[in-house]
Amino acid sequence: MADEIPALGTDENKEYRFRQLHGKTLRFQVKAAHDCHVAFTTGAEETDPMVEVFIGGWEGAASAIRFKKADDLVKVDTPDIVTEAEYREFWIAVDHNEVRVGKGGEWEPLMQAPIPEPFEITHYGYSTGWGATGWWKFLNDRVLNTEDCLTYNFEPVYGDSISFSVACSNDAHLALTSGPEETTPMYEIFIGGWENQHSAIRLNKDGKGTGDDMAKVETPDVVCTEEERKFLVSFRNGQIKVGYKDTDPFLEWTDPEPWKITHVGYCTGWGATGKWRLDI
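Its first residue numbered 1, the sequence shown is counted upward by one per residue in full-length UniProt numbering.
Here's what the structure looks like:
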């Protein structure tokens with residue numbers, strides 16, 4: 001069960017409102033007539049360098065990615081891509097020194113471009129302008145609660161990493177799949193399993209809920225009920241790495257036969273309930 005996502009309003013002055021970016025992908029819903037702008041920066045203000053994404057600019061006719069307030073890196077026709085009548089969902093991935101922008105539910109980006117001078121992105125800003133006001137909902141604001149039930153709840157993944165926090169006594173489980181359900185094959189990641197003493201990566205090939213642990217390590221007290229601990233899971237080109245955020249991985253394994261991951265499932269079990277925040 002998820003808490004209601006707060007709606008954040010913007011006026012038409014084109015001034016960015018900045019927030020910290022915890023992961024590499026930003027998922028959001030926006031309702032505006034045109035000109036939905038998102039900036040990626042090195043601080044809680046406009047910085048040099050800076051990447052800007054314009055969705056529904058040019059009176060709603062086009063979208064673009066711009067670097068350093070200079071020329072557009074890419075510009076595409078996107079008539080009626082946003083509307084003030086309803087929320088529409090988008091995602092922006094900023095990883096591997098490139099920017100990719102897409103619509104919710106579509107994994108092929110509608111535009112992408114390399115960042116000419118790569119820099120560390122720590123914040124994002126959002127705004128509307130040129131006569132448009134807007135309402136925004138950022139999906140990383142959700143608090144997700146899981147019961148003591150080994151049934152995964154699924155979310156789409158548009159990048160190749162997941163940042164999240166979780167508070168639970170044991171057994172924070174993730175599934176990496178090719179659809180919004182358990183798939184064959186799928187990877188499962190157990191953090192704080194075995195009474196919060198071990199963590200493992202499991203490859204499930206038979207679709208029967210069983211599989212082999214491809215990597216398993218001791219991780220005593222890796223999760224905690226009283227504290228939301230932050231983790232990072234990456235899975236580029238079959239290289240699965242699990243660790244606390246901003247530290248080296250404590251668990252990793254490479255699949256020699258990787259496949260495209262489009263969804264992540266999350267759950268708790270074996271006596272544990274959980275509180276999650278996902279930056280995906």
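Glycine included, every Cβ here is placed at the ideal spot set by N, Cα and C.
For clarity, every value in this text was computed on a predicted model and none was experimentally measured.
Residue range of the unbroken beta strand (DSSP E) whose run includes residue i
{"i": "Asn-145", "result": "144-146"}
{"i": "Gly-57", "result": "Segment 57-60 is the alpha helix (DSSP H) holding Gly-57; no beta strand (DSSP E) there."}
{"i": "Gly-192", "result": "186-192"}
{"i": "Gly-102", "result": "98-103"}
{"i": "Pro-114", "result": "111-114"}
{"i": "residue 290", "result": "Coverage of the chain is limited to positions 1 through 280, which leaves residue 290 absent and any answer about it impossible."}
{"i": "Tyr-244", "result": "239-244"}
{"i": "Lys-68", "result": "First-last for Lys-68: undefined, no H or E at that position."}
Where the alpha helix (DSSP H) through residue i begins and ends
{"i": "Glu-181", "result": "Where Glu-181 is concerned, there is no enclosing alpha helix (DSSP H), given that its DSSP letter is neither H nor E."}
Bridge partner(s) assigned by DSSP for residue i
{"i": "Arg-39", "result": "Residue 39 is actually Ala in this sequence, not Arg. Glu-52, Gly-125."}
{"i": "Gln-29", "result": "Glu-89, Lys-137"}
{"i": "Gly-20", "result": "Residue identity check: residue 20 is Gln in the sequence provided, not Gly. BP columns for Gln-20 point to His-123."}
{"i": "Lys-275", "result": "Asn-145, Ala-167"}
{"i": "Cys-224", "result": "Beta-bridge pairing links Cys-224 to no other residue."}
{"i": "Glu-218", "result": "His-198"}
{"i": "Thr-268", "result": "Asp-148, Ala-172"}
Where residue i falls, given that 16 or more other Cβ within 10 Å makes a residue buried
{"i": "His-96", "result": "exposed"}
{"i": "Leu-251", "result": "buried"}
{"i": "Asp-11", "result": "exposed"}
{"i": "Gly-43", "result": "exposed"}
{"i": "Gly-271", "result": "exposed"}
Reference residue i; option with closest CA among the options
{"i": "Gly-243", "options": "Gly-179, Thr-184, Asn-237, Val-166", "result": "Val-166"}
{"i": "Ser-178", "options": "Gly-125, Phe-235, Ala-172, Leu-144", "result": "Phe-235"}
{"i": "Glu-117", "options": "Phe-67, Ile-189, Ala-172", "result": "Phe-67"}
{"i": "Val-143", "options": "Phe-164, Gly-159, Asp-160, His-123", "result": "Phe-164"}
{"i": "Leu-150", "options": "Leu-174, Val-30, Cys-36", "result": "Leu-174"}
{"i": "Ser-169", "options": "Glu-181, Asp-160, Glu-147, Pro-180", "result": "Glu-147"}
{"i": "Glu-46", "options": "Arg-88, Tyr-126, Glu-228", "result": "Tyr-126"}
{"i": "residue 281", "options": "Ala-113, Lys-24, Tyr-16", "result": "Any answer about residue 281 is impossible in this case: the structure gives the chain only from 1 up to 280."}
With a cut-off of 8 Å, do at least 3 Cβ pairs link the segment 147-158 to the segment 128-136?
no
Using a Cβ distance threshold of 8 Å, determine whether the segment 259-278 contacts the segment 175-186, with at least three qualifying pairs required.
yes
Would the segment 5-24 and the segment 103-113 be scored as touching if the rule is three or more Cβ pairs under 8 Å?
no
Give a yes or no on contact between the segment 79-87 and the segment 28-38, applying the rule of three or more CB pairs nearer than 8 Å.
yes
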